[in-house]
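Visitor: Here you go, one structure.
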Amino acid sequence: MNEQNPYAVQSQPDYGVAALAERAERVAFIQRTYLHLGLAVICFVVLEGILLTLYPPAAFLQQFGPLMGRWGWLVVLGAFMVVSWVARGWAESSTSRGLQYAGLMLYVVAEALIFMPLMAYATLVDPSIPMNAGLITAVVFGGLTAFVFLTGSDFSGLGKYLWIGGLVALGIIVASIVVPGGLGLGMWFSAALVLLAAGYILYDTSNVLHHYRTDQHVAASLALFASVALMLWYVMQILISLQRD
């Protein structure tokens, strides 16, 4: 006898975590995640190219450089953190796919804007720095991703340590801005942040395999993009330091 309630409201699809999903569903989720990551990277590159075309590096630094003093940069950093929080919240929305995409796009635009001063300066130091930094970041990201996929390791336990490391790094950055004369963050700090970004990539990639639901490909791609952008930023800082030395 069929005891199903004929008047029951049909529920939304039951999306489970990728690790417990059927193989085909899991593969489709992973493909969607990395497709969206690739599109986010392409959008970032295009936006950065447009900005550098509209504002050539020398002209940009001459026009906006005076505004990027200690307090100006602190305001920019604060605004970026707020926008990042909003974008992640939208990308993790469980009710609106459109809001998820809006969150991802908002984050990409925010990254393109905050990268502009560094890109402009790096281009003046050596026009090859952005390309070289991108290639190094891509190789490291590919290697870390392959390691997680081949071993199936779950790095979710790194979460609390990465959070503490990120908080300490943020505190040092803010202190370097507000302390008169600055703290002189150098190559070793950049190297430490590259390692932190590598930890985030391991963490985010393992979350794709083990912890995200199969309908969270937009949120997963945003998390990966954020980690890639963090690594790119500090790889560029290292290359700039090496070029100046």
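Numbering (numbering that gives the first Met the number 0), first residue to last: 0 to 244.
All C-beta atoms in this analysis are idealised placements derived from N, C-alpha and C, irrespective of residue type, glycine included.
Keep in mind it's a predicted model, so treat the numbers as computed, not measured.
(1) State the Cα-Cα distance for the pair L201 and A132, rounded to the nearest angstrom.
(2) Roughly how many angstroms lie between the CA atoms of T32 and A168, to the nearest whole one?
(3) Within 8 Å, do at least three Cβ pairs link the segment 200–214 to the segment 108–116?
(4) Any idea what DSSP makes of V16, helix, strand or coil?
(5) Assess contact between the segment 183–194 and the segment 217–228, defined as three or more Cβ pairs (one per stretch) separated by less than 8 Å. Is contact present?
(6) So if DSSP puts R212 in a beta bridge, which residue, or which two residues, is it bridged to?
(7) Taking only three categories from DSSP, how would you classify Y120?
(8) Going by CA-CA distance only, name the one from P116, L98 and L76 that's closest to L60.
(9) Is the distance from the Cβ of L50 to the Cβ of A121 below 9 Å?
(10) Quick check on S93: does DSSP put it in helix, strand or coil?
(11) Taking only the alpha-carbon atoms, compute the straight-line gap between L166 and I41 and give it to the nearest angstrom.
(12) Inspect the beta-carbon positions of A57 and A119 and report whether they are closer than 9 Å.
(13) Would you decide whether W84 is buried or exposed? Buried here means 16 or more other CB atoms lie within 10 Å of its CB.
(14) For Y106, count neighbouring Cβ atoms within 10 angstroms of its own Cβ and tell me buried if that reaches 16, exposed if not.
(15) Classify V45: buried if its beta carbon has 16 or more other beta carbons within 10 angstroms, exposed otherwise.
(16) Decide if Y233 is buried, meaning its Cβ has at least 16 other Cβ atoms within 10 Å, or exposed.
(17) Please tell me whether A78 and W89 are closer than 9 Å, where the distance is taken between their beta carbons.
(18) For V147, tell me which candidate among S127, V124 and V207 has the shortest Cα-Cα distance.
Guide: So, to answer that:
(1) So the two alpha carbons sit approximately 19 Å from each other.
(2) Rounded to whole angstroms, T32 and A168 show a C-alpha spacing of 28 Å.
(3) Counting Cβ pairs under 8 Å, fewer than three are found: no touch.
(4) Looking at V16 - three-state DSSP - the assignment turns out to be strand.
(5) In this structure the segment 183–194 does not lie against the segment 217–228, because fewer than three pairs of beta carbons, one per stretch, are closer than 8 Å.
(6) Per DSSP, the beta-bridge partners of R212 are V16.
(7) Looking at Y120 - three-state DSSP - the assignment turns out to be helix.
(8) Put simply, of P116, L98 and L76 the residue whose alpha carbon is nearest the alpha carbon of L60 is P116.
(9) When the beta-carbon positions are compared, L50 and A121 stay at least 9 Å from each other.
(10) Residue state, collapsed to three classes: coil.
(11) One C-alpha to the other measures close to 29 Å.
(12) Yes, they are a contact pair.
(13) So W84 ends up on the exposed side.
(14) Buried, because 16 or more other Cβ atoms sit within 10 Å of the Cβ of Y106.
(15) With a 10 Å radius around the Cβ and a threshold of 16 neighbouring Cβ atoms, V45 comes out exposed.
(16) Result: buried.
(17) W89 is positioned such that its CB atom lies no closer than 9 Å to that of A78.
(18) V207 is the residue among S127, V124 and V207 whose C-alpha sits nearest the C-alpha of V147.
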